[in-house]
C-alpha cells in the first residue's frame, strides 16, 4: 500500500514541478529560483500535510531522490518552457498532468489524514490542502493572487469531490487501491470537463 | 478551563473569518477562494501557535465543527458583504468583533505558551503572533502588504499589552479566568480607543 | 560544540535582522511592523529548519534573549537606516554582515540536518533553506518577488557550495569546528566575489 502512495507522489511531484518551473521562468528567475519554486510547488502541499499531521520525517526528507529529480528537471527548464509555449499540444499535456497530480495529491492527503484518525470532513479538507497548496505557495512566491482562489475553472472543487469519493469508498469497506483510484478518476474527469467547458462556480 | 479557551476560540474564529471573507470577496474570489481565505484568517494564527509549540492535533483538526461553521459562513458571503458595505453600523460591528477576536486570540496564545513553560517575553510574543498572523496570512494571499504592519491605528500593540496583562495576572497568582478576561478587556479597550481617536505609533 | 552553533546564530540573527529592518522601513512600516519583519527575516530560516526536522522548542523560543535583542535593534531602526543610506561604507558593512550570516546559517542548517541523520543532499538543501528563507519570508511580507530567486548576484548558490563544504569536511572525518568554519569561509568568499564582480548564473 505504501508503494502505491509513493508512486502517486512521484507522478504528482513531476506534474506540479513543471507548473512551478514554467511560472518561475515567466518571472525571469535564474536556475536557483526555478529550482526552489519547482520544489515549493511540488513539495509544498505534502509538506503542509505532514506538518499539520505531525508526520516526520517530511516525505521529501525521507525520499531524497525527489529533490534530485527536480534538480534535473530545473536544468532542463529552458527546453521545457520553450516546448510548452511553442506547442499548444504540450500545454494540454501539462494541464492533463496537473489534473492527474491534483487527484493524486488529494488522494494522498485524504489517505494520510484518514489513517491518522481525523474526522472525515477534516480528512477531505486536508486532501484539498495537499492538492492545492503547492500551487498557492508558488503563486505567493511569484507575487500573484493564488490562481486556485480566483473565479476560474473548477480546481479545488475537483479535489474536494475526489477526496470525498476516497472517503466514501473506504467508508463503504472498499480497499485502499480502489479508493485512491476513485479519487484520482473523479478529480481528473471533473477538472478536464471544467477546463473543456469552462465550468465555474456560480458564486 | 479548557472550556473557556474553546469558547474564546469560537468567537475569535467567527470574527476573523468574517474579515477574511470580506477581503476575499473584494478580490473577486469565488466561494472556494472565500472559504480558504476565511479559514486561513481564522485558523492561521492558532495553527502557527500550535506548530511552534508542537501541540498536536492542531486545534481545527481536533474540533472539526470549526471548519464546518466556516463553510456555512462562506456560503452566506454575498449577503454578509452586501450588509456590511451598505450599513456603516455593520462595519462597526465587524471592527468590534475583530477587536474582541484579537483579544481572545492573544489570550489563547499567551495561555498556551505559558502552560508550555516558555519564558514570559516569548509567551507574550506568541500571544501577539496568535492574534495577528491570521490577518497577515490573509493579506499575503490577497497580495497586499499586511495591514497590521502599516502605519495605522494600533493593532499588534493592543495584543501585546493584552498578552502582558494576562501574564502579570497569572504571575501575581490570579486564576486563568481573571487573566484571560483581563487580556481581552485591555486589548479590546485599547483597540477601540485607537480606532476612535486614530492613535498611531509615533515611529 | 553547541556553544559554537549558538554564537553562529547570534551573529547571523543580527545581520539578517538589519536587512529586514531596512526593508520594512523602506515600506513605511511602524515600529511593530519593523520588529516583526526583522524577526521573520532573522528567525524565519531557522524556524523552518526546526519545523522540518521536528526540533522543539524552536531556537528563538529556547533562547528568549534573541527576540529581546531584536526589540532594541528595532527601536534604533531610524538611526540604522539613516546611517546606512547616507554612508556607502555602511551599506557595504551590511552586505558583509549579510554574507557572513548566510554562511553561518547555511552551516547551522547543514549541521542540524546532518546530526538528525538526513541524507547529504537533503542536508545541503536544508542548509540553503536555513540561509535563504528568512529573506524569502521578508520579501513575501513586503510584497516583493524574493530577491534571492531573481537573476542577480549569486546568493543561494554560495550557501549551497558552503553547505557542501561542511558536509565534505565532516565526511572526510574533520571535526565540527573545521567544517563550520569551512562552510562560512566558502559561502562568504563566493558571495563577496559575486557582489564585487557582478557574477550571475548563466541561466
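Protein chains in written order, with my numbering: chain A, 320 to 522; chain B, 320 to 522; chain C, 320 to 522. All C-beta atoms in this analysis are idealised placements derived from N, C-alpha and C, irrespective of residue type, glycine included.
Pull up the CB-CB distance for residue i and residue j, whole angstroms please, since I reckon it's below 8 Å.
| i | j | result |
| --- | --- | --- |
| residue 460 of chain B | residue 359 of chain B | 6 Å |
| residue 375 of chain B | residue 438 of chain A | 15 Å between Cβ atoms; not a contact. |
| residue 417 of chain A | residue 480 of chain A | No, residue 417 of chain A and residue 480 of chain A are not in contact; Cβ-Cβ is about 17 Å, not under 8 Å. |
| residue 457 of chain A | residue 519 of chain A | The Cβ separation is near 21 Å, so there is no contact. |
| residue 441 of chain C | residue 380 of chain A | 5 Å |
| residue 425 of chain B | residue 491 of chain B | Their Cβ separation, rounded to whole angstroms, is 18 Å, which puts residue 425 of chain B and residue 491 of chain B out of contact at 8 Å. |
| residue 502 of chain C | residue 474 of chain C | Not really, about 15 Å apart at Cβ, beyond 8 Å. |
| residue 510 of chain C | residue 448 of chain C | Not a contact, Cβ separation roughly 17 Å. |
| residue 339 of chain A | residue 423 of chain A | 16 Å between Cβ atoms; not a contact. |
| residue 413 of chain B | residue 337 of chain B | 6 Å |
Identify the contact partners of residue i in chain B, using a Cβ-Cβ distance below 9 Å as the criterion.
| i | result |
| --- | --- |
| residue 463 of chain A | 462 |
Could you check the C-alpha separation between residue i and residue j for me, to the nearest Å?
| i | j | result |
| --- | --- | --- |
| residue 429 of chain C | residue 500 of chain B | 45 Å |
| residue 405 of chain A | residue 366 of chain B | 43 Å |
| residue 411 of chain A | residue 400 of chain A | 13 Å |
| residue 445 of chain A | residue 377 of chain C | 25 Å |
| residue 398 of chain B | residue 513 of chain C | 56 Å |
| residue 455 of chain B | residue 462 of chain C | 12 Å |
| residue 483 of chain C | residue 363 of chain C | 22 Å |
| residue 427 of chain A | residue 385 of chain A | 16 Å |
| residue 468 of chain C | residue 494 of chain B | 50 Å |
| residue 415 of chain A | residue 347 of chain A | 25 Å |
| residue 466 of chain A | residue 402 of chain A | 23 Å |
| residue 464 of chain C | residue 343 of chain A | 10 Å |
| residue 392 of chain A | residue 325 of chain B | 47 Å |
| residue 419 of chain C | residue 389 of chain A | 29 Å |
| residue 322 of chain B | residue 505 of chain B | 22 Å |
| residue 409 of chain C | residue 432 of chain C | 34 Å |
| residue 515 of chain C | residue 387 of chain C | 34 Å |
| residue 394 of chain B | residue 356 of chain A | 33 Å |
| residue 382 of chain B | residue 472 of chain C | 48 Å |
| residue 498 of chain C | residue 370 of chain B | 31 Å |
| residue 407 of chain A | residue 421 of chain C | 42 Å |
| residue 450 of chain C | residue 487 of chain C | 18 Å |
| residue 453 of chain C | residue 328 of chain C | 13 Å |
| residue 436 of chain B | residue 496 of chain B | 19 Å |
| residue 507 of chain C | residue 521 of chain C | 21 Å |
| residue 396 of chain C | residue 341 of chain C | 8 Å |
| residue 349 of chain A | residue 476 of chain B | 40 Å |
| residue 345 of chain C | residue 434 of chain C | 39 Å |
| residue 517 of chain B | residue 517 of chain A | 47 Å |
| residue 523 of chain B | residue 443 of chain A | Lying outside 320 to 522, the shown extent of chain B, residue 523 of chain B is not represented and no answer is given. |
Note down, in chain order, every chain C residue with its Cβ under 9 Å from the Cβ of residue i.
| i | result |
| --- | --- |
| residue 459 of chain B | 459, 460, 462 |
What does residue i touch in chain B if you count any residue whose Cβ is under 8 Å from its own?
| i | result |
| --- | --- |
| residue 367 of chain C | Those do not exist, as residue 367 of chain C stays about 11 Å from chain B at its closest Cβ, beyond 8 Å. |
| residue 397 of chain C | 522 |
Could you work out which residues of chain C lie near residue i, taking near to mean beta carbons separated by less than 7 Å?
| i | result |
| --- | --- |
| residue 520 of chain B | 349, 350, 351 |
Quick one: which chain C residues come within Cβ less than 8 Å of residue i?
| i | result |
| --- | --- |
| residue 356 of chain A | 468 |
Verify the contact flag: residue i, CB atom, against every heavy atom of the ligand MG, threshold strictly below 6 Å.
| i | result |
| --- | --- |
| residue 395 of chain C | Absence of the ligand MG is noted for the structure shown, with no ligands found whatsoever. |
Entirely enclosed alpha helix (DSSP H) segments - the stretch 454-515 of chain C, minimum 4 residues: 475-490, 495-515
Residues from the stretch 333-354 of chain B in contact with chain A, defined by Cβ distance under 9 Å: 343, 346, 347, 348, 349, 350, 351, 352, 353, 354
Short-range partners of chain B found in the stretch 430-445 of chain A, where Cβ spacing is below 7 Å: 437, 438, 440, 441, 444
Residues from the stretch 461-495 of chain C in contact with chain A, defined by Cβ distance under 9 Å: 462, 463, 464, 465, 467, 468, 469, 470, 471, 473, 474, 475, 476, 479
Segments assigned alpha helix (DSSP H), at least 4 residues, entirely inside the stretch 375-408 of chain C: 378-381, 384-394, 396-405
Chain B contacts made by the stretch 369-392 of chain A, where a contact means CB separation under 7 Å: 370, 371, 373
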